[in-house]
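All letters in the sequence shown, in the order written, are residues 2 to 214 by my numbering.
See structure below.
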Amino acid sequence: MGQHSQRLSDTPEEWQVTQTTTPFTGNKTSVRTDRVVMPDGSTVTRDYQVHPGSVAVLALDEQDRVLVLRQYRHPVRQKLWEIPAGLLDVPGENPLHAAQRELYEEAHVKAEDWRVLADVYTTPGGCDEAVRIFLARELSDVEGERFEVFEEEADMELARVPLPDLVRGVLAGELHNNCLVVGALTLTAVLAGEGVESLRPADAPWPARPFTA
């Protein structure tokens with residue numbers, strides 16, 4: 002078989018839904034049950050979590066260290082090292098603005114240079130969550146009072162870790178947070194390849210969560 006270059010791209014498609022119910026509505030997410038018509042004409046039931054979407058920030062300082070934080074995640078019963086992240090609370094909100102807010106609130110840091118690292122569906126088999134992961138550089142501490150944190154965030158630890166150490170942790174099975182894994186490996190590939198300048202701009206279109214300026 003000869004090798005040939007082919008650019009793959011995910012494409013929109015929507016199979017017919019004959020019935021939709023929402024058996025559970027939570028504080029930030031809900032569960033939906035759809036009856037979906039299969040290509041052979043049969044009908045199946047699909048349950049999935051409906052999610053507003055998220056942003057995450059891989060913040061890289063001048064020493065090529067990544068800003069990470071450790072947070073308790075109840076569903077998996079672990080304290081995970083993560084990169085700053087948060088929900089898109091406002092429908093249609095510009096994800097860059099949400100990412101800048103999260104970096105400020107969780108790490109009390111601002112950044113001058115922003116680019117899109119990757120857009121991912123975290124668990125497309127059971128949840129419609131879409132996450133945009135940004136690369137943020139040219140960091141500086143924010144003046145003034147720290148943002149008050151609550152619940153799990155009140156126990157957070159902050160650290161700055163060299164990027165290769167994060168990659169080693171991922172490959173050793175010691176770091177598991179989705180956005181940290183994708184962010185660290187994607188940035189490593191970018192730095193080994195075409196460089197940061199090749200990344201999409203921070204306001205690149207995001208069909209999964211369309212936004213207004």
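Glycine residues also receive a C-beta, built at the ideal position from the N, C-alpha and C atoms.
Straight-line gap, residue i to residue j (C-alpha atoms, nearest Å)
i, j, result
"residue 199", "residue 134", "15 Å"
"residue 139", "residue 213", "26 Å"
"residue 117", "residue 208", "14 Å"
"residue 196", "residue 190", "9 Å"
"residue 29", "residue 111", "26 Å"
"residue 97", "residue 177", "24 Å"
"residue 19", "residue 46", "10 Å"
"residue 44", "residue 23", "18 Å"
"residue 164", "residue 122", "23 Å"
"residue 7", "residue 36", "35 Å"
"residue 192", "residue 201", "14 Å"
"residue 102", "residue 203", "14 Å"
Given residue i as reference, the closest of the options once Cα atoms are compared
i, options, result
"residue 11", "125, 52, 57 and 41", "125"
"residue 14", "27, 26 and 38", "38"
"residue 50", "183, 186, 184 and 127", "127"
"residue 170", "64, 160 and 185", "185"
"residue 59", "205, 119 and 202", "119"
"residue 52", "33, 188, 144 and 172", "33"
"residue 81", "40, 174, 99 and 89", "174"
"residue 141", "42, 63 and 90", "63"
Buried versus exposed call for residue i [16 or more other C-beta atoms within 10 Å across all chains shown]
i, result
"residue 16", "exposed"
"residue 107", "buried"
"residue 57", "buried"
"residue 114", "exposed"
"residue 67", "buried"
"residue 65", "exposed"
"residue 205", "exposed"
Proximity below 8 Å, CB of residue i to CB of residue j
i, j, result
"residue 72", "residue 157", "yes"
"residue 85", "residue 104", "yes"
"residue 210", "residue 137", "no"
"residue 87", "residue 55", "yes"
"residue 181", "residue 83", "yes"
"residue 70", "residue 167", "no"
Sheet register partners of residue i (DSSP bridge)
i, result
"residue 35", "21 and 47"
"residue 163", "66"
"residue 196", "The partner list for residue 196 (beta bridge, DSSP) is empty, contrary to what the question assumes."
"residue 140", "112"
"residue 131", "122"
"residue 79", "74"
"residue 58", "135"
Min CB distance residue i to chain C below 8 Å
i, result
"residue 164", "Given the protein chain composition of this structure (a single chain), no chain C is represented."
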